[in-house]
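Quick note: to get my numbering, add 17 to the position in the sequence shown (first position is 1).
See below for the structure under consideration.
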Amino acid sequence: MKESTFKWMNRILVDWNISRIIRMIFGIGLCVMGITSKENVITLFGALLMFQGIFNLSCCGAGGCSLSNDKRQVYKDIIKPYKPKK
18 MKESTFKWMN RILVDWNISR IIRMIFGIGL CVMGITSKEN VITLFGALLM
68 FQGIFNLSCC GAGGCSLSND KRQVYKDIIK PYKPKK
């Protein structure tokens with residue numbers, strides 16, 4: 018087998034954490050509910066959650082939801098710190 022095939026198999030089979038399991042459970046549940054109620058939108062949303070669970074992906078992708086640790090002060094020269102008079 019090719020090395021890329023092993024990479025994908027490793028990505029699918031390894032590192033199952035709680036968020037991945039929850040996405041799979043909700044995805045399976047929504048797919049079943051969507052199929053039984055004949056609602057295509059619910060089935061599509063369930064399939065999306067299952068896809069994210071299988072391939073360990075999220076909507077953020079590449080750290081898009083992370084916060085920056087930038088320490089610069091944007092309004093440093095406009096807003097002065099309050100110093101009470103004694």
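The beta-carbon is built from N, C-alpha and C at its ideal position, and this holds for glycine as well.
| Ile59 at chain D interface by Cβ criterion, 8 Å | As a matter of chain content, chain D is missing from the structure shown, which is built from one protein chain.
| message | Using only the alpha-carbon positions, how far apart do Asn73 and Arg37 sit? | response | 6 Å
| Does DSSP put Ile38 in a helix, a strand or coil? | helix
| request: Indicate whether Met26 and Gly44 have their beta-carbon atoms separated by less than 8 Å. | output: no
| request: Select from Tyr99, Gly70, Asp32 the residue whose C-alpha is nearest the C-alpha of Ile39. | output: Gly70
| query | Can Asn57 and Gly63 be called in contact, C-beta distance under 8 Å? | reply | no
| Straight-line gap, Lys55 to Leu30 (C-alpha atoms, nearest Å) | 31 Å
| Does DSSP put Leu47 in a helix, in a strand, or in coil? | helix
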